[in-house]
């Protein structure tokens, strides 16, 4: 529950939506990824328009979401997965810092690609959970 609270705080701090109070854990993570993708798209557009102040706001928003996702990881229950995601989020954060410093659209696109892959996995999760555990073949 603590990890959900941290994710809620990150989401509220980035002002993505007021629907957070009604979201379950999976929906919340999906909403965070939606907000992240949106912020990355905005940052890319602002770089193309050479609007540096707005680019910085969008990158800061995206970075805040990334580190909010990292802070919400449950290392007790998810050990290897949580560690791998934490390292990936750390890498994404470094790429965002590079994109901000160098107005690098390719770095933003790279992070957006990674975020889309992870978001896709989270979108599949509810249907996988409904199926229940997979029986082992004898």
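Numbering (our numbering), first residue to last: 1138 to 1275. Virtual Cβ for every residue (Gly too), placed ideally from N, Cα, C. Being a predicted model, the structure only gives us computed values, none of them experimental.
Backbone secondary structure at residue i - three-state DSSP
{"i": "residue 1217", "result": "helix"}
{"i": "residue 1154", "result": "Since pLDDT at residue 1154 reaches only 45, below the 50 mark, its modelled position is unreliable, and no value is offered."}
{"i": "residue 1210", "result": "coil"}
{"i": "residue 1161", "result": "coil"}
{"i": "residue 1223", "result": "helix"}
{"i": "residue 1260", "result": "helix"}
{"i": "residue 1198", "result": "helix"}
{"i": "residue 1187", "result": "coil"}
{"i": "residue 1171", "result": "helix"}
{"i": "residue 1240", "result": "coil"}
Exposure of residue i, with buried meaning 16 or more beta-carbon neighbours within 10 Å
{"i": "residue 1189", "result": "exposed"}
{"i": "residue 1249", "result": "buried"}
{"i": "residue 1169", "result": "buried"}
{"i": "residue 1209", "result": "buried"}
{"i": "residue 1264", "result": "exposed"}
{"i": "residue 1198", "result": "buried"}
{"i": "residue 1237", "result": "buried"}
{"i": "residue 1260", "result": "exposed"}
{"i": "residue 1192", "result": "buried"}
Same chain, Cβ closer than 7 Å to residue i, neighbours up to 5 away in sequence not counted
{"i": "residue 1232", "result": "1244, 1247 and 1248"}
Distance cut-off 7 Å: residue i Cβ against heavy atoms of the ligand NAP
{"i": "residue 1181", "result": "Looking at this structure, you won't find the ligand NAP or any other ligand, since it has none at all."}
Same chain only: Cβ atoms within 6 Å of residue i, ignoring 5 sequence neighbours per side
{"i": "residue 1176", "result": "1195, 1198 and 1199"}
{"i": "residue 1207", "result": "1223 and 1226"}
Cβ-based neighbour list, residue i, same chain, cut-off 8 Å, excluding 5 preceding and 5 following
{"i": "residue 1174", "result": "1249, 1252, 1253 and 1256"}
Inter-stretch contact at 8 Å, needing at least 3 Cβ pairs: the region 1174-1186 / the region 1228-1244
yes
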